[in-house]
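To start, the structure itself, in structure tokens.
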Amino acid sequence: MRYFIEFSYNGKNYHGWQIQPNAITIQEKINSGISTILQKEVSVVGAGRTDTGVHAIQMFAHFDIPNALPKDFCYKLNAILPNDIVIRDVFLVSDEAHARFDATSRSYEYRIWLGRNPFMLDTTWQIQYKNINFHMMNEAAKILYEYKDFQCFSKVKTDVHTFICSVKKAEWKLDQDSLIFYITADRFLRNMVRAIVGTLLDVGLGKISLVKFREIIESKNRSNAGASVPAKGLFLTNVAYTYL
Numbered sequence: 002m003r004y005f006i007e008f009s010y011n012g013k014n015y016h017g018w019q020i021q022p023n024a025i026t027i028q029e030k031i032n033s034g035i036s037t038i039l040q041k042e043v044s045v046v047g048a049g050r051t052d053t054g055v056h057a058i059q060m061f062a063h064f065d066i067p068n069a070l071p072k073d074f075c076y077k078l079n080a081i082l083p084n085d086i087v088i089r090d091v092f093l094v095s096d097e098a099h100a101r102f103d104a105t106s107r108s109y110e111y112r113i114w115l116g117r118n119p120f121m122l123d124t125t126w127q128i129q130y131k132n133i134n135f136h137m138m139n140e141a142a143k144i145l146y147e148y149k150d151f152q153c154f155s156k157v158k159t160d161v162h163t164f165i166c167s168v169k170k171a172e173w174k175l176d177q178d179s180l181i182f183y184i185t186a187d188r189f190l191r192n193m194v195r196a197i198v199g200t201l202l203d204v205g206l207g208k209i210s211l212v213k214f215r216e217i218i219e220s221k222n223r224s225n226a227g228a229s230v231p232a233k234g235l236f237l238t239n240v241a242y243t244y245l
């Protein structure tokens, strides 16, 4: 029997989603919690992977077990897991459903605070710039729709076979001191959103032009793009499936 779990987490204390040696990860904690409750080894397959320090408002994973889950499974799992990981739902799906391969799109937000806010230190990147050209950043974001190959925004050492992504939404919104970048695509490369945000900020600060932004994408060279912004401002906000 295959089950999907929907969950959220604050990534501050974790080395990302994927299990790795000598590091605490989200996947490790969820595997351990489920295995403890069911008294058998269980390994979940996530909808994707987030890097160290990145958060998720909505994330999915699936796992297989021979028998139906107990009715209080979700309650028990939340009781075992750390407070910074919360299970939202657990539900039965078809045996062919796949948390990663069936996802049709993923959405992220990158949150910036213009100034200082002691209550958002762990969930925003706080910068002092007040003269950012918000309009130009949105004009540059529109250019992303024109391209499919985003190698220039990908980590150099990565095991992907293609750098092709289809961006469906890319937009900045400003609300007083809160500056948020929204982006949706069918898939994302490692470090892609943080590199895009860093490069768009260079546009907003007048360091590069719209023409240069386009040239950076066409160069397919990571060294030409801007610096990656800190992980703590990045949130995975939605994973979409045709059957959910």
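Under our numbering, the first residue of the sequence shown carries the number 2, and numbering increases by one thereafter.
Cβ atoms here follow ideal geometry from the backbone N, Cα and C, with glycine treated the same way.
Who are residue i's beta bridge partners in DSSP?
i: lysine 170; result: Thr185
i: valine 240; result: Arg107
i: glycine 49; result: Paired residues: none, contrary to the question.
i: leucine 175; result: Leu180
i: leucine 235; result: Tyr111
Hey, residue i and residue j: beta-carbon distance below 8 Å or not?
i: valine 94; j: phenylalanine 5; result: yes
i: histidine 63; j: glycine 12; result: no
i: lysine 30; j: aspartate 123; result: no
i: isoleucine 144; j: glycine 205; result: no
i: arginine 112; j: threonine 125; result: yes
i: leucine 78; j: isoleucine 66; result: no
In angstroms with no decimal places, state the Cα-to-Cα distance between residue i and residue j.
i: leucine 237; j: alanine 142; result: 18 Å
i: alanine 186; j: serine 108; result: 7 Å
i: alanine 98; j: leucine 245; result: 11 Å
i: proline 231; j: glutamine 152; result: 20 Å
i: asparagine 225; j: glutamate 42; result: 45 Å
i: aspartate 52; j: glutamine 19; result: 8 Å
i: serine 167; j: glycine 54; result: 25 Å
i: methionine 121; j: arginine 3; result: 38 Å
i: alanine 24; j: arginine 50; result: 15 Å
Compare the Cα-Cα distances from residue i to each of the options and report the closest residue.
i: arginine 101; options: Met121, Phe135 and Met60; result: Met60
i: tryptophan 173; options: Val157, Phe182 and Ile165; result: Phe182
i: phenylalanine 154; options: Val46, Lys72, Thr243 and Ile218; result: Ile218
i: alanine 104; options: His162, Arg191 and Gly47; result: Gly47
i: tyrosine 242; options: Asn192, Glu140 and Arg188; result: Arg188
i: asparagine 84; options: Ile27, Phe74, Ala228 and Asp203; result: Ile27
i: leucine 190; options: Ser106, Val91 and Ser36; result: Ser106
i: glutamine 129; options: Thr159, Phe214, Asp178 and Asp150; result: Asp178
i: lysine 149; options: Val157, Lys169 and Thr159; result: Lys169
Does any residue of chain D bring its CB to less than 8 Å from the CB of residue i?
i: asparagine 192; result: In the displayed structure, chain D is absent; only one protein chain is listed.
**Prompt:** Counting only runs that start and end within the stretch 116-151, where is the beta strand (DSSP E) found for 3 or more residues in a row?
**Reply:** 126-128
**Asked** What are the complete alpha helix (DSSP H) segments, minimum 4 residues, inside the stretch 71-96?
**Response** 74-81
**Item:** Segments of 3+ residues assigned as beta strand (DSSP E) that fall wholly inside the stretch 3-68
**Value:** 3-10 and 56-65
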